[in-house]
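Following the numbering used here, the numbering of the sequence shown begins with 622 at its first residue and continues without gaps.
Just so it is clear, CB atoms sit at the ideal spot from N, CA and C, and this is done for glycine as well.
Before any comments, here is the structure.
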Amino acid sequence: MATTVWSKGQMLFGYSSRLHRATRRFSESGDKGWFRSVFAHKLDARKDAHSNLLSKKETSSLYKIQFHNVKPECMEAYNSLEAEVQTRLHQDQDYPCEVVGSWNTWYGEQDQAVHLWRYRGGYPALTECLKKLNNDKAYFEFRKERAKMLVSRRNQLLLEFSFWNEPVPRPGPNIYEMRTYFLKPGTMIEWGNHWARAIMHRQENNEAIGGFFSQIGDLYVVHHLWAYESLQSREDTRSSAWLKDGWDANVYYTVPLIRSMESRIMIPTKSSPLQ
622 MATTVWSKGQ MLFGYSSRLH RATRRFSESG DKGWFRSVFA HKLDARKDAH
672 SNLLSKKETS SLYKIQFHNV KPECMEAYNS LEAEVQTRLH QDQDYPCEVV
722 GSWNTWYGEQ DQAVHLWRYR GGYPALTECL KKLNNDKAYF EFRKERAKML
772 VSRRNQLLLE FSFWNEPVPR PGPNIYEMRT YFLKPGTMIE WGNHWARAIM
822 HRQENNEAIG GFFSQIGDLY VVHHLWAYES LQSREDTRSS AWLKDGWDAN
872 VYYTVPLIRS MESRIMIPTK SSPLQ
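Take a look at the structure:
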């Protein structure tokens with residue numbers, strides 16, 4: 622009986638037998654057509670910045686994601702304060718920004734709030750908004766009060782991948798997963814080439830909310846945002862992807878691009894447009 626010999630790299634990553642079928646199909650059958658289909662229509666990183674190659678051309682939206690680590694005893698008061706200010710800014714037409722979603726982390730880093738903002742009009746819209754906020758006395762008082770409740774905070778400016786859905790409000794109840802990938806420098810184009818195909822396998826249950834890559838802050842960071850009815854629904858949806866031809870190959874080729882990754886399961890706040 623023939624024995625399959627695994628390489629050290631494969632043993633290290635602990636890939637499933639389903640993932641190895643992709644490489645066996647190529648090596649055993651010599652199917653050059655399959656190989657070409659995997660790498661067809663690749664973007665060339667030498668031609669332009671990856672922000673221009675991968676982001677949406679028909680929109681000029683810029684996104685900001687905020688991670689606030691809150692004192693445990695202040696979480697309820699923090700959520701109420703944030704909701705009040707977010708609603709005001711979201712509804713005020715003088716501010717070119719809108720709240721996409723707000724969450725509290727359920728599994729992952731505890732006592733953490735995550736907020737995603739959209740600036741339609743890109744960097745000029747962001748600059749305009751910041752100038753107005755600097756002259757907003759109510760917002761100044763809000764920041765002073767919020768500071769008493771925080772342990773730390775950080776943010777990133779993001780662009781959205783052209784092949785992902787644009788995040789739009791949705792009814793609940795849902796839980797949300799934010800999967801964050803810290804890529805090896807220089808691999809963003811390759812990541813985008815593979816996920817432009819992989820996302821087609823993750824649309825059936827309407828779980829794909831948005832995909833983003835960082836521009837300012839931690840660099841070579843990708844955030845994928847998913848919605849599920851429950852943790853069991855998440856498990857079933859993710860398992861079903863492995864039954865689709867081509868998903869295993871995309872996983873196989875993207876895993877070596879990753880330095881590290883993390884997953885947050887998040888619950889939307891009452892005021893979040895994504896429920």
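Count the other C-beta atoms from every protein chain shown that fall within 10 angstroms of the C-beta of residue i, then say buried if there are 16 or more, exposed otherwise.
{"i": "residue 863", "result": "exposed"}
{"i": "residue 744", "result": "exposed"}
{"i": "residue 837", "result": "exposed"}
{"i": "residue 843", "result": "buried"}
{"i": "residue 795", "result": "buried"}
To the nearest angstrom, how far is it from the Cα of residue i to the Cα of residue j?
{"i": "residue 897", "j": "residue 718", "result": "Absent from the model: residue 897. The displayed extent of the chain is 622 to 896, so no value can be given."}
{"i": "residue 872", "j": "residue 815", "result": "9 Å"}
{"i": "residue 702", "j": "residue 688", "result": "16 Å"}
{"i": "residue 833", "j": "residue 779", "result": "6 Å"}
{"i": "residue 764", "j": "residue 712", "result": "19 Å"}
{"i": "residue 760", "j": "residue 826", "result": "39 Å"}
{"i": "residue 817", "j": "residue 766", "result": "43 Å"}
{"i": "residue 563", "j": "residue 716", "result": "No answer is possible for residue 563: it lies beyond the span of the chain, which begins at 622 and ends at 896."}
{"i": "residue 695", "j": "residue 890", "result": "15 Å"}
{"i": "residue 870", "j": "residue 822", "result": "12 Å"}
{"i": "residue 841", "j": "residue 708", "result": "31 Å"}
{"i": "residue 896", "j": "residue 697", "result": "18 Å"}
{"i": "residue 692", "j": "residue 828", "result": "31 Å"}
{"i": "residue 824", "j": "residue 793", "result": "18 Å"}
List the whole-angstrom C-beta distance separating residue i from residue j, where the pair is believed to meet the contact cut-off of C-beta under 8 Å.
{"i": "residue 830", "j": "residue 846", "result": "4 Å"}
{"i": "residue 724", "j": "residue 735", "result": "5 Å"}
{"i": "residue 801", "j": "residue 883", "result": "5 Å"}
{"i": "residue 732", "j": "residue 690", "result": "6 Å"}
*Tell me the start and end of each unbroken beta strand (DSSP E) in the segment 767 to 803 that is at least 3 residues and wholly inside, in chain order.*
Along the segment 767 to 803, the beta strand (DSSP E) occurs as fully enclosed runs of 3 or more residues at 771 to 781, listed in sequence order.
*At what residue ranges does the segment 806 to 875 contain a whole run of the alpha helix (DSSP H), taking only runs of 4 or more?*
The alpha helix (DSSP H) runs lying completely inside the segment 806 to 875 and spanning 4 residues or more are 809 to 819, 852 to 862 and 868 to 875, given in chain order.
*Would you check if the segment 800 to 816 and the segment 848 to 860 touch, i.e. whether three or more CB-CB distances between them fall below 8 Å?*
In the pairwise beta carbon analysis, the segment 848 to 860 is classified as not touching the segment 800 to 816: fewer than three pairs are separated by under 8 Å.
*Validate contact between the segment 766 to 777 and the segment 696 to 710 using beta carbons, cut 8 Å, 3 pairs*: Segments in contact, yes.
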